[in-house]
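If you read the sequences in order, they're chains S and W.
Position in the first sequence (first residue = 1) + 2 = the working numbering.
Position in the second sequence (first residue = 1) + 2 = the working numbering.
Comments concern the structure below.
Protein chains: 2
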Amino acid sequence: MNEADSSPFNVRALHGAARRGALHTMHGVVETPVFMPIATAGALKTLLPSEVAGLGASIILGNTYHLLLRPGEKELQKFGGVRQFMHWDGPLLTDSGGYQVFSLSKLNKTDDDGVTFQSHIDGSTHRLTAERSMEIQSAIGSSIRMQFDDVAAGNSTRDRYSEAMERSLRWAARSKQRFDELNKGVEGDRPLLFGIVQGGTHHDLRAQSLQGLTEIGFDGYAIGGLSVGESREDTFRIVRSLAKEMPADRPRYFMGGGMPEEIVAYVSFGVDMFDCVLPTRNARHGSLFVWKGNPADAVREAFTRAMDGAADFRIAEALYDKIQITNERFMSDETPIDAWNSAETSRTFSRAYLRHLFKTGETLGLRLATLQNLGFYLRMMEELRLITANPL
Amino acid sequence: MNEADSSPFNVRALHGAARRGALHTMHGVVETPVFMPIATAGALKTLLPSEVAGLGASIILGNTYHLLLRPGEKELQKFGGVRQFMHWDGPLLTDSGGYQVFSLSKLNKTDDDGVTFQSHIDGSTHRLTAERSMEIQSAIGSSIRMQFDDVAAGNSTRDRYSEAMERSLRWAARSKQRFDELNKGVEGDRPLLFGIVQGGTHHDLRAQSLQGLTEIGFDGYAIGGLSVGESREDTFRIVRSLAKEMPADRPRYFMGGGMPEEIVAYVSFGVDMFDCVLPTRNARHGSLFVWKGNPADAVREAFTRAMDGAADFRIAEALYDKIQITNERFMSDETPIDAWNSAETSRTFSRAYLRHLFKTGETLGLRLATLQNLGFYLRMMEELRLITANPL
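As structure tokens, this is what we get:
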């Protein structure tokens, strides 16, 4: 993989448009389709890296924006990167920081060269450009890095989508150039760099973006700027058509989505990689994804519906019940949190006990809920890998 | 142990006044000296029962006051007790609820028959008496139960100490009676009931209390009403003299104390059982007990000093450094949290990383700090058991 144009990705099997693949990174192989749990600023919420690996995670995601603010570039360099800092041995992907500057920082001003913003923590001023993003991701030491991009808000005008897409293309070229400089002369495997397709819900803008990116040449391609407020139908339409046009020999990554039914649908459209805050964020609020019976059967049924073009809610109802564990109805419920979950804690502790932990504000509750939801997502991916490897 | 006057406790070795013992409960044997981590309302803060057991805990403590309010007596009965509810297989001790009614509830009014109080959670009114305390502890299903007592505030007048002590004696007799009724006809092992010596810092009141309790007859005897604001010298003086007079064939339990140096001293005075919120409470604030070198050497040195009658700070300085992990000086500290700690996480993760978790508000930080502090206390007890088993 020392050549940018030799692909780090092998498609091992096809099931319709869905792919069973393997992505080779400098820190290990990632079997796809894959879900990446989020280790925001170098921590997987309440969990140890070994616990997340135990649930079946092979790769995690770190946020460049958070890591830049804390512990900061200098500390990360000192520790040899965030993987060493947090003791995660496997591959790690970093976003470019752009999206969170836009969504989290107090003040941010985008110009053609980059973004100036104030930290949401202490108000300190920082600047991100394509070059700086590459340098910070290098200090973080991630296995997969994302180009710096300009993300238009959901429901922007076509002009704004077009502007953001074109600016992202220019930043893509600059990201690639700085990335190549940083990895010139690196011995052994180099990290991977992914480009990001922008263009909102406009197919022609998306096509133009993809065309520009493939001309530059990336190790993988991501679909950015979706799941930001547009309708689910629009997202499905764009992902389905875009996935068909994305290079077949490169990994495809849907950024920042989504619900389990979305992931099943996007896999059926040919997407390989996913991340999302939902399993951990929902866990924090006591909202749990609970298997509807045997996961193998549930995912197979959901996948079949997705292949048949079913709407999202039809896919969802084959997969899971969403339960609010704080509800009174669980007060005396002695059944396990989820007898089908991969997390041993979900099969051991009762719903009544987990409700009690939430009601008494015990942080052990967050842990059990996070294990439940991540266990659900990661098991779903395992079943999707089995289905795509063994076409019906 | 179906006879109240056959002792559940064996002294296996003596080292001066210090004892190496074994306490037989219906849920397993507790090797003493022992520290009991606190599972307030059925949860060991951020930790799973299996993790606390893995650090060497053989018995934990539940708070009757908290468990009465949530999940409540009825739910506990439904689940067969809090041990089943929280999946703790080993022995569990419950306090009587009295101390926390006094320290936590909004309004509380003590009369000769009991205490009426308002829940600190929802303001609901409850009443505790000796009989009710026994009934609730029975619903909790603890292995060791404490008599209901009246705790005088620290620095009370002699009259108040005297009143509380005498009232506690009357409640001791009533506790014993109701306890015996509840366990009459129970097949197999019965739970244990401990009496509590009161009397503040007045030796004669303490002696009178102990005399009254032994006349009633309990499975074990506790020292209550200390570590509530009196000077450390007063505590040492009372514990040292009282331990000598407590029945040699029964376990002695110092309630609600204390710092590691206190525990070492009280063990040298002949006390067998301890509990304290300090390791978990300090962890919550990033305050850590870190070994001063090899635990075996540190505890032996501390114990020798305690046997020589050293002051508490002299014992402490042989044992640990107390570090505030949020301090700037740990920002780049790549050394492990504590290379000597029993918790694997303390030997794996760096101080800089733990500081980072606290600074970013990641709950994983609470977990690592709790493992560190409980790991310290539980290893200290292990060393104390080795020392008392093998006199110098």
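Using N, Cα and C, we set each Cβ at its ideal position, and we do this for glycine too.
Just so we're clear, the structure is a prediction, and the values are computed from it rather than from any experiment.
Residue of the options minimising C-alpha distance to residue i
i, options, result
"T127/S", "D152/S, V103/S, E133/S", "V103/S"
"S8/W", "D221/W, A341/W, R234/W, M333/W", "D221/W"
"D310/S", "R14/S, Y355/S, D340/S, A19/S", "A19/S"
"A267/S", "R239/S, H287/S, G288/S", "R239/S"
"K80/S", "I62/S, I218/S, F315/S, A141/S", "A141/S"
"I293/W", "P338/W, A250/W, G64/W", "Looking at the sequence itself, residue 293/W is Trp, so the reference to Ile does not match. Among P338/W, A250/W, G64/W, the Cα nearest to that of W293/W is on P338/W."
"E303/S", "I389/S, E336/S, A371/S", "I389/S"
"S344/S", "F351/S, E364/S, F378/S, L321/S", "F378/S"
"T365/W", "K47/W, G295/W, N12/W", "K47/W"
"A320/W", "F332/W, R307/W, Q326/W", "R307/W"
"L130/W", "T66/W, V188/W, H204/W, W90/W", "T66/W"
"V241/S", "I123/S, F271/S, D323/S, F119/S", "F271/S"
"G190/W", "E168/W, M28/W, K361/W, A166/W", "M28/W"
"M257/S", "H122/S, G44/S, V153/S", "V153/S"
Any C-beta of chain S under 8 Å from that of residue i
i, result
"A341/W", "no"
"E336/W", "yes"
"H358/W", "yes"
"M383/W", "no"
"Y355/W", "yes"
"M333/W", "yes"
"K294/W", "no"
"A45/W", "yes"
"L368/W", "yes"
Contact with chain W by residue i, beta-carbon distance below 8 Å
i, result
"G143/S", "no"
"H89/S", "yes"
"E77/S", "yes"
"P35/S", "no"
"K361/S", "yes"
"T350/S", "yes"
Backbone CA spacing between residue i and residue j [nearest angstrom]
i, j, result
"G30/W", "F181/W", "20 Å"
"A224/S", "R192/S", "19 Å"
"D97/S", "M136/S", "10 Å"
"E77/W", "Q86/W", "12 Å"
"K186/S", "R172/S", "21 Å"
"F196/S", "Q149/S", "6 Å"
"M88/W", "P253/W", "26 Å"
"E235/S", "Y255/S", "19 Å"
"I317/S", "T328/S", "26 Å"
"V273/S", "P35/S", "7 Å"
"A6/W", "G214/W", "Any answer about A6/W is weak, because its pLDDT of 49 lies below 50 and its placement is not dependable; what the coordinates show is given next. For A6/W and G214/W, the distance between alpha carbons rounds to 16 Å."
"L57/S", "P297/S", "14 Å"
"G288/W", "T372/S", "23 Å"
"G125/S", "S164/S", "31 Å"
"E385/S", "A285/S", "22 Å"
"E336/W", "S352/W", "5 Å"
"Q120/W", "G64/W", "20 Å"
"V432/S", "A41/S", "Any answer about residue 432/S is impossible in this case: the structure gives chain S only from 3 up to 394."
"I62/W", "R283/W", "16 Å"
"Q326/W", "A174/S", "44 Å"
"L244/S", "L109/S", "33 Å"
"E330/W", "I138/S", "23 Å"
"D399/W", "P51/W", "Residue 399/W is absent from the model: chain W starts at 3 and stops at 394."
Pair within 8 Å by beta-carbon distance, residue i and residue j
i, j, result
"R387/W", "R22/W", "yes"
"S334/S", "A312/S", "no"
"V84/S", "S60/S", "no"
"P10/S", "L25/S", "yes"
"G219/S", "I198/S", "no"
"V301/W", "M248/W", "no"
"G100/S", "L70/S", "no"
"L478/S", "L359/S", "A question about residue 478/S goes unanswered here, because the residues of chain S that appear run from 3 up to 394."
"G260/S", "C278/S", "yes"
"T17/S", "P393/S", "According to the sequence shown, residue 17/S is His rather than Thr. Cβ distance < 8 Å, so H17/S and P393/S count as in contact."
"G116/S", "E232/S", "no"
"S170/S", "S105/S", "no"
"L194/S", "R147/S", "yes"
Rounded Cβ spacing between residue i and residue j (contact assumed at less than 8 Å)
i, j, result
"S177/W", "L94/W", "No, S177/W and L94/W are not in contact; Cβ-Cβ is about 18 Å, not under 8 Å."
"Q200/S", "D161/S", "Their Cβ separation, rounded to whole angstroms, is 14 Å, which puts Q200/S and D161/S out of contact at 8 Å."
"G202/S", "S158/S", "6 Å"
"A391/W", "R14/W", "7 Å"
"T280/S", "Q374/S", "The sequence as given places Leu at residue 280/S; Thr does not occur at that position. The pair is not a contact, with the Cβ atoms about 13 Å apart (cut-off 8 Å)."
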